[in-house]
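Read the structure below first, then the notes.
Residue numbers (this note's numbering): 988 to 1238.
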């Protein structure tokens, strides 16, 4: 569906502390059609930025809270209503399950398994691979059929074992031991919640992100998460492996 918004936004260069949520800044003009009138430039920039990034769920919440721009709100709601059909047609997610206990048995004591809590209370599973506290830290978002526990046994684990980096492998909703159901609507905001939770997770293992590079790594559908966070100003490096296009599967 056509969206009556054409945002032009610039973001700060990557390098802001990962513990802080960087802010995107809009630059004029924001061109709106007659159906989309929003009071307040800052609010419009925030909404337009979320739409441009593909985070339609957050855009919907911002528009509902503002109580204006009914035409734009209807357009965003239309996109969200089309999302499940597009996901099914494109096989956007192939959810696979494994219990945390079984994954722990397979991976052994040197891998740390846990969950973080998303803003709606759903628990998201992760595998933490640690070795050198001074090495760059990688956050990896996998493909649409990958499990963090399986990826932790692949060649990416060699990077950690060789002391080249430390890494957090994140599952999606409904994958591994995560709760909920995977959805394109929540994909990007879940990535934001995860990156905000990361400093606290690392602090529990006597680590921080200070003085080390944060690398965002996205493979296939995970490239949407990594790119989203990179645009928002997180991280010092970005790796996109076999990326999907920005608005897939709604192209």
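Here a beta-carbon is modelled for each residue, glycine too, at the ideal position from N, C-alpha and C.
A direct Cα-to-Cα measurement between residue 1179 and residue 1228 gives close to 20 Å.
In the three-state DSSP reduction, residue 1188 falls in the helix class (H, G or I).
Secondary structure of residue 1147 (DSSP, three-state): helix. Beta-bridge analysis with DSSP links residue 1114 to 1100, 1156. Note that the segment 1039-1058 does not touch the segment 1142-1149; fewer than 3 beta-carbon pairs, one per stretch, sit closer than 8 Å.
Pairing residue 1190 with residue 1203 gives a Cβ-Cβ distance that is not under 8 Å. DSSP places residue 1134 in the coil class of the three-state scheme, outside both helix and strand. As DSSP reads the structure, residue 1202 sits in a beta bridge with 1125, 1224.
The distance from the Cβ of residue 1163 to that of residue 1136 is about 6 Å, consistent with a contact at the 8 Å cut-off. Annotation for residue 1165: 1111, 1112, 1158 place their beta carbon closer than 6 Å to its own, counting only its chain and skipping 5 residues before and after. Following the DSSP letters along the chain, one finds residue 1093 inside the alpha helix (DSSP H) bounded by residues 1087-1094. Exposure of residue 1068 is indicated by the presence of fewer than 16 other C-beta atoms within 10 angstroms of its C-beta. About 17 Å separates the beta carbon of residue 1105 from that of residue 1114, a gap too long to meet the 8 Å contact definition.
Only exposed fits residue 1232, as fewer than 16 other CB atoms lie within 10 angstroms of its CB. Taking 8 Å as the cut-off, the beta carbon of residue 1176 is found closer than this to the beta carbon of residue 1044. About 11 Å separates the CB atoms of residue 1198 and residue 1223; that is not less than 8 Å, and the two are not in contact.
In the displayed model, residue 1058 falls within a helix according to three-state DSSP. For residue 1098, the closest of 1170, 1221, 1155 by C-alpha to C-alpha distance is 1155.
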